[in-house]
Structure formats: C-alpha cells, structure tokens
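Visitor: If you scroll down you'll find the structure; I have some questions about it.
Chains as they are written, first to last, in my numbering: chain X, 1 to 293; chain V, 294 to 635.
Structure (structure tokens):
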C-alpha cells in the first residue's frame, strides 16, 4: 500500500485519472464503435448526414425493419465463404504453434544449458534475424518456391512462419529455461539419465508456464501475419487476414464495405477472448525479454 | 552440455533458421544482380506479290526455352541498383547538375520512388518511436497510481490496440477517420471545411499514419514500463522525498533513470518494427501519399507481373538500412561481450 507521503494531491489525482480515461477511450472506443456499426447498413456505418444515425440505425430500420441486421455477416460468411479462410487460419495457427514450440523448446533448452562461447553468437545471430523485415525474406522465397512448385499451399506458409518465429521463440524460451535451476537436470544426469532423458523427465514437467507464454506469442504471430500469407498463398488457400485485404479491393466497387466490416469484427473476436484469458501471460512475456536485457 | 548433444538439440531450429532466413538472404542478393530475360527477337522475311518486307517478331518458343534454361535471368551486375526505381544515380546526378535551387533538387529526389519511400519510412520511424515511448511512460505512471481494482481492467483495454492484427487495427481506424466516418466528420466540422478529406491530402495522411503507429505500439511501451515500475525500490523514492524532491523531480531523477535500460530496449524493438511499416499503408489505402520500403517490395512481388529482381534489390537495400540502424547496438553488445570476457 502507498504510504501517506506517497499519496497524490487531489489535483494531480484528478489529472491522472482524466488522462487514463482519455487513453482508455482512445484504446477501446474504435473497437466498440466498429462492433456496433457492423450490425448496421453502410449508410448508417458511414453516416454523413447525421452521426447519430450510426447509433440508432435509421437507415437500417428503413431497410431491414429493425435497427440491427446481420446482413454484413451473412454476406461475408455465407456469400463470400469466409468460413473457408477461418478454417485455413485455424490450420495454420495450430501447426505453427505446435511445430515452433517443439523445435524451439529443444533449441532454447540447449542454449540455456551450454556454457560455450558460440551460444552468445547464436543468440546475437537470432537477434539480427529477428530485426530483418520479413518481407525481404519473402522476396527470396518466391523464385525457388515457383521452381519447386510449392508456392501457394498451406504447408509452405506454415514452415516459413515457423522459421520466422524461431529467433523470438529461442530468446524467450532461453530466458525461461535459465530460470529453471541447472541442479535439476544435473542431478538427474548423476542418477544416470542421458541429457535427453533429463530433459524429457525432469524439465518438461516444470517448463509449462514458459511454454504457454511463448506459445501465445507464436499464435499471435501466425494469426496476425499478413506478409507471408498474402504473398505465399494462392487465392483458394488464403487465411483470414489476406482475405480481408482482398475484400477491400472488391467490396469498395460493389458497395459491400459491410462485408469487410463484419469480417474484421469476426477476426478480432478471438483476439479479445485471448487477451481476456491470457492477459497475465502476455504481460509477463512482453516483459521477460526486457528484464533479461 | 557436450558439443555433440548441443548439436542434436539445436539442429531442428538451427536448420529451420538456416534454410528459411539465412539462405533467402543469399537468394535475394543473387536475384538482385540478375534481370529477367529479354524476349528473343527474330527477323522474318515476308515475301508477297509486292516485294519482300522484313518484320521483327518475338520468338515465343525460344524465349520460353531461354527462360526455362536459366530461371534466374541474365547477369546484369549492379544495374538494377542504379536504375530509376532504386538508387537512381543517373537521375540524381542530372538533377544536381541542372537544378537551380536546393528546393528543386529535393522535388526531383522525392519524386523518385525509392527516396520517397525512404523519406516516409524514416519519418515514421523517428517520430513514432519517441512519441510512443513518452505516451507509454505516461500511461504506465498513471495506471500505476490507480487503485488495484481498476488496474487489471485498464491493462486489458490498453493491450487491445497492440494485440489486434495490424491490418485490422488500421482498417478500424481508417473507417473512423474516413471523410464519411465519425472522426473524419468531426475533424471537418472542427476545421469548418466540409470537403476536408484525408485521402486527398498528403500531410494529413502522413499524420494519420503516424497517429496509427503511436496508437498501436504505445501499449507495448506501457506494459514494459509498468513492469519496470513494479521493481522500483521504494527506499530510493523515500530518500528523494526526505531530500525535498517534488513529485516531478522524483519522476525525473529517480523513476526515469531506473527505467532507462527498458527505454533503450523499447526504442530498439520499436525502431526495428517501425522500419518495417506496411499494414497501415495498405489499410489506409495511402499509397498515393505515402509509401514505405516494405510496401515497394510487396507491390513488386504481388500483382500480375511479379518483378522479382526489382523486389530483391529493394530487399537488399532494406536489409542494409536495418544493418545501419542496428549497428550502434551491435557494436555495444560486442564491446560488452569483449569487456566481459577479460
């Protein structure tokens, strides 16, 4: 608890609270506004005549007989078959998370348990790889992938996303494994375990908090990716995000902006749920790298 | 751990990074010095009742055969680097020689695609990064003084702009600041100009892109600084109070020095990420007013004609840019490592 001397004067407390409220409105209002608007028709969502139309939905009332309509969602999910993209995103996320955690855990564990000099170099190289813009790497894939005829399919995108995810995963798991006392697996080895057995029977049971946090970030990377999925996937294999980008091109001309709005809200919903349940992991994951330096 | 054990543990992740990060860098460097084959042209003599004419036509079969035999194209050295779409050395030296004033020279320079993109990328990076650090610090200080019942809620809502997909976040903002959206309407009402439109004005577009950049990344700075504030030793603050430091002086001389390593960390990560700016330009449909290096590459790679060589060249230049931005950090890490070893 803050001591009496630490307590803020009333004026400052008021200013600070006002600032927080202001920031929270900036941070959250756009999402609520778009969510609310996604149940309206375009004339209400973009209400030039009177902005209160967007709240009460006068045009929606006139068109659909009710201030709310699911026409945008129907158009996106049924007419434009957005569910196909949802399934693709699901497949990509599941495989990226499991693969990158499996190989990342092995690598991160090895980095944290080896005292040799090349460890620091591998970590620095990983940091440099993390800094490279992903789009520059995609430019390198295009020609070979065309030549080998693997462009456009989901496994290609999954492997590429796993590889791009590795530098970050390694850094994060490295710092988590450093916090697990070395004595644990040392003593297992004294008892006659090989390094892998020590890893399998002693480390795996205690590593889950770190792995779950890292997995969260792998998931976010795969889910939020635009560059790899939009450039390496063919039209029929698109995931949600490139499909939404494609909607923009087609819907503007057809006057179906509401399809894109509905798709955007649909794609945001899982992230909301994720933040709600994994807030603690997200915060600890973001700070783990910082505290370690 | 023995070298051999380390090798087997590290092999899968090492191999993945080697194949899909290290080799592609080699691949873009190679592609950037090759240009697509020109079409094979043959001369055909057509003889009719009125004499003979020679025509030049494209030999489709031969062209396809050459492209098949050498998919990389023909070797052109640094030609693509120097052409108009990239470093544009010829155009610049010409402008330098003929321009009557500095302003005219800058005009020519900023009409060249590469320099236009570089100008926006650097402006975006170096305005967003300090601004989001300042905003993040302010939010962290304010949230830290909240009652603990509200802290969780405040963190939840603050995280949203960062967690949401960049393309989606920029679309959500774009629909609001569009001239028909609520914020766009409000701004044109404030400016008393019903025709005010973001899409028509370059400075407004730059400002809104930068506002998006700050909005989407301030939460990251906030979370890191907030965690740093939890480790702030209370005796230092108390000592400062006993010495008569005002609240502002406590922040200035105790809190900020304590958070300084974290500020460096956030600045480093954000400079790297802002330099890659791409999604807001697509979401805001801003390419007429602002382009970035990443946008040029995506634009070259997508679409009907995939200009792989041009994209590869821009990629190499972008990687060089990242290397220059990162070099102070790398030099420092290297020095720390050296001094630590002795």
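Cβ atoms here follow ideal geometry from the backbone N, Cα and C, with glycine treated the same way.
Going by the C-beta, is residue 57 of chain X closer than 7 Å to any heavy atom of the ligand HEM?
Guide: Of the ligands one can find in the structure shown there are none, so the ligand HEM has no counterpart to examine.
Visitor: Compare the Cα-Cα distances from residue 500 of chain V to each of V:632, V:424 and V:449 and report the closest residue.
Guide: Among V:632, V:424 and V:449, the Cα nearest to that of residue 500 of chain V belongs to V:424.
Visitor: Note the first and the last residue of the continuous alpha helix (DSSP H) segment covering residue 348 of chain V.
Guide: Element bounds for residue 348 of chain V: not the alpha helix (DSSP H) but the beta strand (DSSP E), 344 to 351.
Visitor: Check for me: the alpha helix (DSSP H) holding residue 341 of chain V runs from which residue to which?
Guide: Note, residue 341 of chain V: premise wrong, no alpha helix (DSSP H); beta strand (DSSP E) at 334 to 341.
Visitor: Taking DSSP's pairing of strands, which residues face residue 367 of chain V in a bridge?
Guide: V:328
Visitor: Can you list, in chain order, the residues of its chain whose CB lies under 6 Å from that of residue 275 of chain V, leaving out five sequence neighbours each side?
Guide: Since the first residue of chain V shown is 294 and the last is 635, residue 275 of chain V is not available in this structure.
Visitor: Per DSSP, residue 274 of chain X is paired with what?
Guide: Bridge partners of residue 274 of chain X: none, in fact.
Visitor: Of all Cβ atoms in chain V, is any one closer than 8 Å to the Cβ of residue 268 of chain X?
Guide: yes
Visitor: Could you name the residues of the same chain whose beta carbon sits closer than 7 Å to that of residue 552 of chain V, not counting the 5 residues immediately before and after it, in chain order?
Guide: 518 and 521
Visitor: Under 8 Å Cβ to Cβ from residue 356 of chain V, same chain only, skipping five residues before and after it: list those, please.
Guide: 330, 332 and 333
Visitor: For residue 481 of chain V and residue 471 of chain V, I'd like the C-alpha separation in whole angstroms.
Guide: 11 Å
Visitor: Just reading off the alpha helix (DSSP H) that residue 424 of chain V is part of, what are its end residues?
Guide: 406 to 437
Visitor: Are the C-beta atoms of residue 94 of chain X and some chain V residue less than 8 Å apart?
Guide: Closer than 8 Å: no.
Visitor: Taking only three categories from DSSP, how would you classify residue 152 of chain X?
Guide: strand
Visitor: Listed in chain order, which residues of the region 393 to 404 of chain V have Cβ atoms closer than 7 Å to some Cβ of chain X?
Guide: none
Visitor: So, at 6 Å on beta carbons, what are the nonlocal neighbours of residue 570 of chain V in its own chain, with the 5 sequence-adjacent residues on each side left out?
Guide: Once the five neighbours on either side are set aside, the close Cβ partners of residue 570 of chain V are 417 and 585.
Visitor: Out of V:317, V:581 and V:610, state which residue places its alpha-carbon closest to the alpha-carbon of residue 496 of chain V.
Guide: V:581
Visitor: Less than 8 Å between the C-beta atoms of residue 166 of chain X and residue 228 of chain X, yes or no?
Guide: no
Visitor: Alpha carbons only, please: which of X:94, X:103, X:11 and X:170 is nearest the one belonging to residue 223 of chain X?
Guide: Measuring from the Cα of residue 223 of chain X, the nearest candidate turns out to be X:94.
Visitor: Among X:173, X:78, X:257 and X:75, which one has its Cα closest to the Cα of residue 468 of chain V?
Guide: X:257
Visitor: Name the DSSP bridge partner or partners of residue 233 of chain X?
Guide: According to DSSP, residue 233 of chain X bridges with X:152.
Visitor: Mind listing the chain V neighbours of residue 141 of chain X? Cutoff is C-beta to C-beta under 9 Å, in chain order.
Guide: By Cβ distance, chain V contributes 313, 317 and 320.
Visitor: Going by Cα to Cα distance, which pick from V:514, V:545, V:380 and V:305 is closest to residue 609 of chain V?
Guide: Residue nearest to residue 609 of chain V within the set V:514, V:545, V:380 and V:305 is V:380 (criterion: CA-CA distance).
Visitor: Would you grab the beta carbon distance between residue 28 of chain X and residue 450 of chain V for me? Rounded to a whole angstrom, and I think it's under 8 Å.
Guide: 4 Å
Visitor: Give the interface partners of residue 324 of chain V over in chain X, defined as CB-CB distance under 8 Å, in chain order.
Guide: 139, 140 and 143
Visitor: With residue 599 of chain V as the anchor, note down where its alpha helix (DSSP H) starts and where it stops.
Guide: That residue, residue 599 of chain V, is in no alpha helix (DSSP H); it is neither H nor E in DSSP.
Visitor: Give, in chain order, every residue of the region 568 to 583 of chain V whose Cβ lies closer than 9 Å to some Cβ of chain X.
Guide: Answer in chain order: 568, 569, 571, 572, 575, 576 and 578.
Visitor: Using a Cβ-Cβ cutoff of less than 7 Å, which residues in the same chain neighbour residue 218 of chain X once the five nearest sequence positions on both sides are dropped?
Guide: Excluding positions up to five away in sequence, the list reads 96, 97, 100, 101, 165 and 169.
Visitor: Quick check: residue 66 of chain X and residue 438 of chain V, are their CB atoms within less than 8 Å of each other?
Guide: no
Visitor: Can you find a C-beta in chain V that's less than 8 Å from the C-beta of residue 19 of chain X?
Guide: yes
Visitor: May I ask you to list, following chain order, the residues of the region 210 to 221 of chain X that have a beta carbon less than 8 Å from some beta carbon of chain V?
Guide: Against chain V - using a Cβ distance shorter than 8 Å - the residues of the region 210 to 221 of chain X are 220.
Visitor: For residue 167 of chain X and chain V, any beta-carbon pair shorter than 8 Å?
Guide: yes
Visitor: Under a three-way DSSP split, which group does residue 459 of chain V fall into?
Guide: For residue 459 of chain V, the secondary structure class from DSSP, reduced to helix, strand or coil, is helix.
Visitor: Candidates V:327, V:516 and V:351: which alpha carbon is nearest residue 363 of chain V's?
Guide: V:327
Visitor: Nearest by alpha-carbon distance to residue 559 of chain V: which of V:414, V:587 and V:515 is it?
Guide: V:515
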